[in-house]
Every structure is written in structure tokens, then in C-alpha cells.
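Beneath this line is the structure, given in C-alpha cells, with notes to follow.
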Amino acid sequence: MTPEARWQAELLELIAHTGQQPDAALGLTPAGLAVYRNNYRVGLIETLKMIYPVTGQIVGEEFMTGLAREYSKQHASYSGNLHRYGGSFGDFLQDFPPAKTLPYLADVARLEWAVHRSYYAIDQAPLAASALTEIQPEQFGQLRFAFCDSSRALSSPWPVVSIWQGHQPGQTLNVKLEAGGEQALVSRHAGKVRVQAETAGMAALLLALQDGQPLGEAAEQALSAQDDFDLQAGLARLFADGLLSHYQL
Amino acid sequence: MTPSSLPAIAGIGLRAPHYRQVMDTLPPLGWVEVHSENFFDGGMPLAMLQQVASHYPLSLHGVGLGLGSLVRPDGEHLAALKRLVDAIQPPAVSEHLSFNHSAQRYVNDLLPIPYTMASLAVIASHVDETQQALGRRILLENLSSYVEFPGNEMNEGEFLAELVARTGCGLLLDVNNLYVNGINLGTDVQAVLSALPAAAIGEIHLAGYSEGEGMLVDTHSQPVHPGVWQLYAQVIASIGPRPTLIEWDLDIPPLDTLQAEAAKAEAILQGARHDA
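Okay, structure coming up:
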């Protein structure tokens, strides 16, 4: 490593780790280093607040700042594009003791990450049902599908969709936590991200397909999750809502 | 070959609080600039930017490639930038002469590079790689910095001039950055300016700093300061009119405040047109 590359690597570490004292040979003034350390911390905290507005509303501004600060200490940025930072915030909340009194918070954050990724996801031509006309009916059961980057299904033991919707502008929150879990589908329509609750059958179908399972198995899981699930209508929706990008046989 | 095909008039940085107003009312703005990364991938941001580009000359200004990092540029980032450039085909694409990552981590900031012959060779190869990937010339911007590599062998202007000579890239001269470096680091502003090849300067940035603890911080949160206007007028008188951008990124004021700042720049550009 050249002295120049070593200087760059050490400066990055010093900015991210506020406790470390710089070696005098690096030629860093305390005031100069402080500017970068402050930029770094504030930048990551503000990024998390932007991606997780509902989480922030639930816990309040001050607690959210604390959560974001703690997360940013534990999780480095891995991209020059800040819109890719913070994907594991939900997992962090799950394990972070001060957030344990709000057991649904982690899933709300996971839903917010799916919304964020959907908003920025690359534009893809959705798979049309007509693309499957070549497939022999007896092969349908072996079909596997890839979801568009803008589509994502999530399952939660908490009513996350109702919580999320109740925190949108102009909405009032009317959620009974004991009402049980909800399954969310996040998808994008003409640029707008849609979050909706799905029936047990539809959710099982979506989650199994998203997981890479073949259509036959996904359909079985949907029917066992919900006896009266209308499989025909459920399959039609995959295409009507443009959730899929391609198939594999 | 001109380094950018933006018009040599004043424009503004277009930021989220003004998207709606600009698209609904299409105010007279000479040209606009956005941060490339905010429009990476697709969806509504990209669709909106395509609309903006159909009404105004548009400049794509990257803040995240960090091509001054002495490890290879991130291929994924470069590919996303290429998709955006291909989709928009803007009159100007710019990046900073800064670094933001090592093999271990990213710091999403604009960090100063060592101005040495050894880093020149590496960074020139990164500029080449970027220009080849994008299939076009890019503009490189000088930096506001708060620390310096202790073994610098040249000033930033000399380093940029070498990059222009080796890669054919253009320059984006940020007058505010140069001004704050003069105060914060004691940079010899006139020496940097005189090292820059004037013909390569394809764009100019103006912004307002704020005063931190013993430092002027390049926050883009204020009107352009009088000393910066003065330096800008000197530059324009010396090199002639150039596309000039008003940047405002924090505590963003109403659009007409930005337009008023742009009008001040326009008056200085107008003076230079008369003198020419």
C-alpha cells in the first residue's frame, strides 16, 4: 500500500470511529477532523430518518435520533449511494434492548425499507400472462418466477400495514395490536408505491414464489393457508398488478 | 471541443423541495443541476428527471463515485451512473476530485486526496475508466477541504491541470470551495487559479458557507458571500462567461431566493459579455 492509500484508509477509519486519536504523522488538525466526523454522523442519521419516517413518528424525534446514532455506529456504509444505506435497520431494532417495548417496530421498519427500495427500484417490463402461452399446462407447476425489484411481500405477527397506513399524511391511526398479524404486499404503480394487506392465501402464494419455490408448491401453500382461496384470481393478480419480471422453467 | 454544452448563463441546483413547483410552473431558469445519485435506478425520480430534462438544459452532478479513492471505482456505482447518463443524455456530467472509500468502508463525503505524482497516476486511470464507461468527457470539481495530506507535492490546481492534460477531462470550478480553502487551510487561491487551464473550465459553482468552530464550513446553506462574489467576478473577467450554478443544499429557501442569486451571477456574466 502506498503512503497515499494508507492515509486515505486511516482517515476513513478515524472519521467513522470518533474515539480514536489520530497519529500526528497524518497531519490532521482536530478542527478539520471534527468537521468530517460531524458530517458523517449527521449524514447517516438524517438518511435513516428519511427512509424510516413512520418508525420515527412512532418513537418520536429524539429517540429516533438515538436509534439512528447507535445503528450508524454499528453499521458502516457500503456504497457511495446513500439511498442504499440502512437496509438492516429493522433487524437492528429487533435485537436492540431499548426498542423491545415496541415489539412491532422492527417489522414496521422492514416494511419501510421495502417501500424505500420499491420507490427507487429500476424500471422493468412486467411479465405478461401472454408470455406463458408457450408453456405446456402440465409444466405450470414447475414454473418459478422472479419478482420485479419494486415488488415485495412481507409477513408479520403484527398489524404492520394498518400501522403504516395510519401514519401516512392525512390518515388517523386506528389499530388494535391484539387483532393479530398482517401480510403486506409492496408494489409500484405508475411510480407510486402501494402498500396493501393481503389475505392469508394470497400472502402464502406471494411469499412462496418470492422465496423461489415452484408454482405448484406455492399454490398448495396458499390453499392450505386459506381453504377458500381463489387460486385462479390470485394467479391473475400476479400479472394484472405487474408484480413479476420473468419466469424460469 | 468545449468541456460542456451547457449555456454560459446562470442556473440553479434543483432540489426536492422545489420539484413540484418547477414542474407545475416551469419558471425561467437558465439551466438546472441535480445530484446524480438521487436519480439512480428508476421509478418516479427518473421519470421526473426526464421531464425536467425536456424543459431545461440539465447537468448531472455526482457526489458518490469518489474517483479519487486509491482503490478501484465501484463498478456497480459506475454502471448505475452510466444507465442514468444514457437515459438523460445531459449536456454536462460532473464528479468531484475527492475520495470516499477504501477496501474496508465508505464515508459518504467529499474527502481531499493527496496531491502527489503517485496518486495522479492512479486517479488519472480512474478518470479514464469513468469517461470510457460513460462514453463522454466529464467535468471534475475542486474541493473544499478541512484537512490535507502532509506530503502534497503540488497544489490542487496543478493536480487538476495534470488530470486535464492526461485524460482530456474538463473542470468544474467551485469558487466558494476555493475561497473557504484560502481561509481554512491558507491555500494560495491565486496560485491555484493560475494553474487551472482556463479553456478546460466548463462550469462554475457558487454557494454560501457557514461559520463553524474556527472553520468556514461549505454547507451550501447561505447566500453567496461578498468575498466569493468578488472572486467570481475576477474569474469571469479573466476567463470569460461560463455556465454558473447557484447551489443550496441545507435550509433551502424559496425558489425565488435562488433565482435572485442566479440573477446576481447573470449580471456579472452580462458584464463580461459586454467587455468581450
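As they're listed, the protein sequences go chains A and B. Take the first sequence: its letters are residues 1 to 249, numbered as in the working numbering. Take the second sequence: its letters are residues 250 to 525, numbered as in the working numbering. Just so you know, even glycine gets a beta-carbon here, dropped at the ideal spot from N, CA and C. All figures in this text were calculated on a predicted structure; none of them were measured in a lab.
Kindly list the residues whose CB is nearer than 7 Å to the CB of asparagine 391 of chain B, restricted to its own chain and excluding five residues on each side of it in sequence; keep chain order. Numbered from its first residue, the second sequence carries residue 391 of chain B at position 142. Result list for asparagine 391 of chain B: Leu346, Glu405, Leu409, Leu422, Asp423, Asn426, Leu427, in chain order.
Do the CB positions of isoleucine 337 of chain B and glutamate 515 of chain B come within less than 8 Å of each other? In the second sequence, residue 337 of chain B corresponds to position 88, counting from 1. In the second sequence, residue 515 of chain B corresponds to position 266, counting from 1. Cβ atoms of isoleucine 337 of chain B and glutamate 515 of chain B: not closer than 8 Å.
Is leucine 327 of chain B near leucine 314 of chain B, with beta carbons less than 8 Å apart? For the purposes of this step, residue 327 of chain B is identified with residue 78 of the second sequence, where counting begins at 1. For the purposes of this step, residue 314 of chain B is identified with residue 65 of the second sequence, where counting begins at 1. The answer is yes: Cβ separation under 8 Å.
Using 8 Å as the threshold, is the segment 460-467 of chain B in touch with the segment 434-442 of chain B, meaning 3 or more CB pairs across them? no
Thinking alanine 302 of chain B and proline 339 of chain B are a contact (beta carbons under 8 Å), I'd like their distance in whole angstroms, please. Within the second sequence, numbered from 1, the residue matching residue 302 of chain B stands at position 53. Within the second sequence, numbered from 1, the residue matching residue 339 of chain B stands at position 90. With a Cβ gap of about 7 Å, alanine 302 of chain B and proline 339 of chain B count as contacting.
Cross-chain neighbours of serine 318 of chain B in chain A, by beta carbon under 8 Å: Stepping through the second sequence from its first residue, residue 318 of chain B is reached at position 69. Result: Gln8.
How many angstroms separate the CA atom of glycine 234 of chain A from the CA atom of methionine 202 of chain A? If you number the first sequence from 1, residue 234 of chain A lands on position 234. If you number the first sequence from 1, residue 202 of chain A lands on position 202. Cα to Cα, the separation comes out at about 6 Å.
Bridge partners for arginine 194 of chain A per DSSP, in chain order? Within the first sequence, numbered from 1, the residue matching residue 194 of chain A stands at position 194. The partner list for arginine 194 of chain A (beta bridge, DSSP) reads A:Ser187.
Between valine 296 of chain A and glycine 80 of chain A, what straight-line distance do the alpha-carbon atoms span, to the nearest angstrom? For chain A, the structure presents residues 1 to 249; residue 296 of chain A sits outside this window and is missing.
Beta-bridge partners of glycine 43 of chain A, as assigned by DSSP: The residue given as residue 43 of chain A occupies position 43 in the first sequence. In DSSP, glycine 43 of chain A forms no bridge with anything.
Is the CB of serine 351 of chain B under 8 Å away from at least one CB in chain A? Within the second sequence, residue 351 of chain B is the residue found at index 102, counting from 1. Yes, its Cβ sits closer than 8 Å to a Cβ of chain A.
Is alanine 16 of chain A buried or exposed, if buried means 16 or more other CB atoms sit within 10 Å of its CB? Locating residue 16 of chain A in the first sequence gives position 16, where the first residue counts as 1. So alanine 16 of chain A ends up on the buried side.
Any chain A beta carbon closer than 8 Å to glutamate 405 of chain B: Here the question's residue 405 of chain B lines up with position 156 in the second sequence. With 8 Å as the cut-off, glutamate 405 of chain B does not count as an interface residue toward chain A.
Suppose only complete runs of 3+ residues qualify. What are the beta strand (DSSP E) ranges in the segment 73-129 of chain A, listed by chain order? none
Are any of the Cβ atoms in chain A nearer than 8 Å to that of glutamate 402 of chain B? Translated into positions along the second sequence, residue 402 of chain B becomes position 153. Closer than 8 Å: no.
For the segment 111-135 of chain A, which residues have a CB atom closer than 7 Å to at least one CB atom of chain B, in sequence order? Tyr119, Tyr120, Ala121, Ile122, Asp123
Using 10 angstroms around the beta-carbon of leucine 389 of chain B, count the other beta-carbons present and answer buried if the total reaches 16, otherwise exposed. Indexing the second sequence from 1 puts residue 389 of chain B at position 140. Leucine 389 of chain B is buried by the Cβ-count criterion.
Residues, ordered as in the chain, of the segment 326-355 of chain B that lie near chain A by beta-carbon distance below 9 Å: His326, Ala329, Arg332, Phe348, Asn349, His350, Ser351, Ala352, Gln353, Arg354, Tyr355
If you draw a straight line from the C-alpha of phenylalanine 229 of chain A to the C-alpha of leucine 223 of chain A, how long is it? Numbered from its first residue, the first sequence carries residue 229 of chain A at position 229. Numbered from its first residue, the first sequence carries residue 223 of chain A at position 223. Rounded to the nearest angstrom, the two C-alpha atoms are 6 Å apart.
Spatial neighbours of isoleucine 450 of chain B within its chain, please: C-beta separation below 8 Å, excluding the five flanking residues on both sides. Locating residue 450 of chain B in the second sequence gives position 201, counting from the first residue. For isoleucine 450 of chain B, where only same-chain residues beyond five positions count, the Cβ hits under 8 Å are Pro252, Gly419, Leu420, Leu421, Leu422, Ile488, Arg491.
Chain B residues whose Cβ lies nearer than 9 Å to that of histidine 83 of chain A: Counting from 1 along the first sequence, the entry for residue 83 of chain A is found at position 83. Residues of chain B passing the Cβ test: Glu286, Asn287, Phe289, Asp290.
Could you pull out every residue in the same chain whose Cβ sits closer than 6 Å to the Cβ of phenylalanine 398 of chain B, ignoring the five residues on either side in sequence? On the second sequence, residue 398 of chain B is found 149 positions in, with the first residue counted as 1. Counting only Cβ-Cβ distances below 6 Å, and skipping sequence neighbours, we find Pro363.
Using alpha carbons as the reference points, say which of B:Val473, B:Gly279, B:Gly317, B:Asp290 lies closest to glutamate 510 of chain B. Taking the second sequence and counting its residues from 1, the one referred to as residue 510 of chain B is at position 261. The option with the nearest alpha carbon to glutamate 510 of chain B is B:Val473.
Got a sec: is the Cβ-Cβ distance from histidine 17 of chain A to anything in chain B below 8 Å? Your numbering for residue 17 of chain A matches position 17 in the first sequence. Output row for histidine 17 of chain A: interface = no.
Exposed or buried, which one is arginine 264 of chain B when buried takes at least 16 other CB atoms within 10 Å? Reading the second sequence from its first residue, position 15 is the one you call residue 264 of chain B. Flag for arginine 264 of chain B reads buried.
Cross-chain neighbours of proline 3 of chain A in chain B, by beta carbon under 7 Å: Reading the first sequence from its first residue, position 3 is the one you call residue 3 of chain A. Correct list: Gly400.
Where the segment 136-159 of chain A meets chain B: residues whose CB sits under 9 Å from a CB there: Asp149, Ser150
Below 7 Å, is the gap between the Cβ of glutamine 8 of chain A and the nearest heavy atom of the ligand FMN? The ligand FMN is absent from the structure shown, which contains no ligands of any kind.
Glutamate 112 of chain A: which of A:Ala125, A:Gln139, A:Gly87, A:Tyr40 sits nearest, CA to CA? For the purposes of this step, residue 112 of chain A is taken as the residue at position 112 of the first sequence. That would be A:Gly87, whose Cα lies nearest to the Cα of glutamate 112 of chain A.
If you follow the alpha helix (DSSP H) that serine 308 of chain B is in, where does it begin and where does it stop? Within the second sequence, numbered from 1, the residue matching residue 308 of chain B stands at position 59. From DSSP, serine 308 of chain B is part of no alpha helix (DSSP H) but of the beta strand (DSSP E) over 307-310.
Rounded to a whole number of angstroms, what is the C-alpha to C-alpha distance between isoleucine 432 of chain B and tryptophan 478 of chain B? Numbered from 1 along the second sequence, position 183 holds the residue referred to as residue 432 of chain B. Numbered from 1 along the second sequence, position 229 holds the residue referred to as residue 478 of chain B. For isoleucine 432 of chain B and tryptophan 478 of chain B, the distance between alpha carbons rounds to 15 Å.
Would tyrosine 40 of chain A pass as an interface residue toward chain B - the criterion being a Cβ-Cβ separation below 8 Å? Taking the first residue of the first sequence as 1, we reach residue 40 of chain A at position 40. So, interface residue.
Taking glutamate 10 of chain A as the reference, which of B:Gln380, B:Leu360, B:Pro475 has the closest Cα? Working through the first sequence from its first residue, we reach residue 10 of chain A at position 10. It is B:Leu360.
Could you check where the beta strand (DSSP E) with leucine 465 of chain B kicks off and where it finishes? The count along the second sequence starts at 1 and reaches residue 465 of chain B at position 216. Counting along the chain, the beta strand (DSSP E) containing leucine 465 of chain B begins and ends at 465-471.
Extent of the continuous alpha helix (DSSP H) run through tyrosine 364 of chain B: By 1-based counting over the second sequence, the position of residue 364 of chain B is 115. Counting along the chain, tyrosine 364 of chain B falls outside any alpha helix (DSSP H), and DSSP gives it neither H nor E.
Using 8 Å as the limit for Cβ to Cβ distance, is methionine 272 of chain B near chain A? Translated into the one-based positions of the second sequence, residue 272 of chain B becomes position 23. No, because no Cβ of chain A sits closer than 8 Å to the Cβ of methionine 272 of chain B.
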